[in-house]
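**Q** Got a structure here, written out as structure tokens. Questions coming.
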Amino acid sequence: DSKKDYEEKKLQMQQSMYLSSQWQKIDNELYTKSIYYEPTRLASYYD
Numbered sequence: 029d030s031k032k033d034y035e036e037k038k039l040q041m042q043q044s045m046y047l048s049s050q051w052q053k054i055d056n057e058l059y060t061k062s063i064y065y066e067p068t069r070l071a072s073y074y075d
């Protein structure tokens, strides 16, 4: 019984780790995009 509990907990942990790593990937992409596009957007304002 406790082995089953353990397996379920392990699965939940893996899922949440996976989800958070997915979110981190998305965050990194957004951050990179904003860093990349921000200067060009500002430059176009001052043109």
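Its first residue numbered 29, the sequence shown is counted upward by one per residue in the numbering used here.
Using N, Cα and C, we set each Cβ at its ideal position, and we do this for glycine too.
1) Measuring straight from C-alpha to C-alpha, what distance separates A71 and S62?
2) What's the gap between the Cα of P67 and the Cα of K53?
3) Mapping the DSSP letters down to three states, classify D29 as helix, strand or coil.
**A** Reading it off the structure:
1) 14 Å
2) 22 Å
3) coil
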